[in-house]
Amino acid sequence: MRYRYYGILQIGVYLFLAMTPLLVLLTGHDVHGRGFWRELAVGLGFGGVSMMGLQFFLTGRFQGITSPYGIDVVYYFHRAISLVAFVFLLFHPSILLLSAPATFGLLNPLSAPGWMTAGTIALFVFALIVGSSLFRLKLGLGYEQWRLLHGFAAVTAVALALWHMIGVNYYLQGYVKRGLWIALAITWVMALLYVRLVKPLLMRSKPYTVESVTKERGKSWTLVLRPEGHGGMEFKPGQFAWLTIDRSPFSIREHPFSFSSSAMHPERLAFTIKELGDFTATIGSVTPGTRTYVDGPYGSFIPDRHTFSGYVFIAGGVGITPIMSILRTFADRHDLRPLILFYAGRQMEELTFREELDRLQERLKLRVVHVINCPPAGWTGEQGYIDAEMMGRYLPEGRMAYEYFVCGPIPMQQGAREALEKLGVPPEQVQSESFNFV
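Under our numbering, think of the first position of the sequence shown as 910, with each following residue one higher.
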């Protein structure tokens, strides 16, 4: 309940910060003769720039912002609201040009004032940001390349937009209005400096060393990190962190991975990583002794937020990783609440942590249900896909008192949510997490 009210408060703060500059700037000036369409266009422009500036906070991984929802939800919101802001910015010149065709002459950079050209370039840069984000994979942009482009382009676009607004000057007359935008610009710069300078410096003061690299089933590797000169990192079971391996903490080459170790041992961090992308394909070649930096913890995929009589976990592939952190933590806590794990995979041999899950059934009140898509000869267990009928055979009558955690490929998550809905499980008792936001 506390997180819900906190989340509602944050939404209110966001709306206030996004709309206040618009309300302040559009009052106290003479609108006689300027017309409705011009005022609408100006309002959309101010609103769009204000919303774009706030994105520096949404993408800064500030734990106070991400804790009520989880960082994946915040990133999805960032993506959606950025599209809304871009539409506002796109309508700003479009309405002006349609309502006053004479303004077309201001688009000529050879004769237009510098502040006008700055606004035109800003719009094109914002379009570049949106286009490269929506079609990154189709454009063949690697994650690091896109992230570098995204960061520099965002700073450039917002700076050019502010130059354009100051150059127009009509709506920034007076100390209050101009001071408001100066204050906003300073807060955006401070957020950027914290993310790009202060946070890396803090990470640099707490380095880690790769202690071991262990091959697991399912083309996965477990990296165990030990802290250098500090006590490690406290985290909640089910959370994740960004790793920067064999690079400076100022590097843009960092990637999010779930903790797979017990939260009861902050002095020993383990991350189990599957060979999937260009970076993870070489994860097995990391050597012990490699210096690593950890930014975290993040995520709300944790059972400690609420108290339930039991838990049901639904995992697919490497989605077992955060669930293993939860199970290992429960075992170290001697938590004997009933647990059910549905673990889906293509083949039995590909199921990561298969042997340890067998051992955990002896330490916990845990039942593991393996669901194999391509079962071996003589297989008598569950096969195919996880659906409502299958789960209904294992879930207890009091399943409404359980919390449900789903982690795996997006199609599997969607199928699991639909199945749980058919079984009558309230949506607020179903937690899921994916890293598609990167």
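Don't be surprised by glycine CBs; every beta carbon is placed ideally from N, CA and C.
Just so we're clear, the structure is a prediction, and the values are computed from it rather than from any experiment.
- Around the beta carbon of PRO1197, fewer than 16 other beta carbons sit within 10 angstroms, so the residue counts as exposed.
- By alpha-carbon distance to GLY1205, the top candidate from PRO1010, GLY979, GLY962 and VAL1195 is GLY979.
- With three or more CB-CB distances shorter than 8 angstroms, the stretch 1137-1151 counts as touching the stretch 1109-1120.
- With contacts defined by Cβ atoms closer than 8 angstroms, ALA1310 and LEU1273 do not form a contacting pair.
- A Cβ-Cβ distance of about 4 angstroms is found for the pair LEU953 and PHE997, placing them in contact under the 8 angstroms criterion.
- Secondary structure at ILE1223: strand, using DSSP grouped into helix, strand and coil.
- Rounded to whole angstroms, GLU1259 and GLU1125 show a C-alpha spacing of 9 angstroms.
- Taking C-alpha positions only, PRO1318 is separated from GLY1014 by approximately 51 angstroms.
- For ILE1161, the three-state secondary structure derived from DSSP is coil.
- Boundaries of the beta strand (DSSP E) harbouring ASP1204: 1200-1207, taken from the DSSP string.
- Going by DSSP, HIS1279 is part of the beta strand (DSSP E) stretching over 1275-1281.
- Under the three-state reduction of DSSP, TYR985 is assigned to helix.
- Taken through DSSP and simplified to helix, strand or coil, THR968 comes out as coil.
- Under the 10 Å beta carbon count, TRP1090 is surrounded by 16 or more other beta carbons and is classified as buried.
- Inter-segment contact for the stretch 1046-1056 and the stretch 1086-1106 is absent: fewer than three beta-carbon pairs are separated by less than 8 angstroms.
- With 16 or more other Cβ atoms from the protein chains shown falling within 10 Å of its own Cβ, TRP1097 counts as buried.
- In the DSSP annotation of this structure, the continuous segment of the beta strand (DSSP E) that includes TYR1252 starts and ends at 1248-1254.
- Distances from the alpha-carbon of SER959 to those of LEU1250, MET1299 and ALA1068 put ALA1068 closest.
- In the structure shown, ILE1182 adopts extended strand secondary structure according to DSSP, grouped into three states.
- A straight-line Cα-Cα distance of about 18 angstroms links ASP1296 and ILE1229.
- For the set VAL1085, THR1153, ILE1223 and ALA1172, the Cα lying nearest the Cα of TYR1202 is the one of THR1153.
- With fewer than three CB-CB distances shorter than 8 angstroms, the stretch 1125-1134 does not count as touching the stretch 1206-1222.
- LYS1183 counts as buried, since no fewer than 16 other beta carbons sit within 10 angstroms of its beta carbon.
- In the DSSP annotation of this structure, the continuous segment of the beta strand (DSSP E) that includes SER1341 starts and ends at 1339-1342.
- Between LEU1019 and THR1012, the gap from beta carbon to beta carbon reaches 8 angstroms or more.
- Note: LYS1124 is bridge-paired with TRP1130 in the DSSP secondary-structure output.
- Going by C-alpha positions, THR1026 is about 13 angstroms away from ILE1075.
- Contact between ARG1276 and ILE1249 holds, with the beta-carbon distance rounding to 5 angstroms and staying under 8 angstroms.
- For ARG1135, the secondary structure class from DSSP, reduced to helix, strand or coil, is strand.
- Secondary structure at TYR1079: helix, using DSSP grouped into helix, strand and coil.
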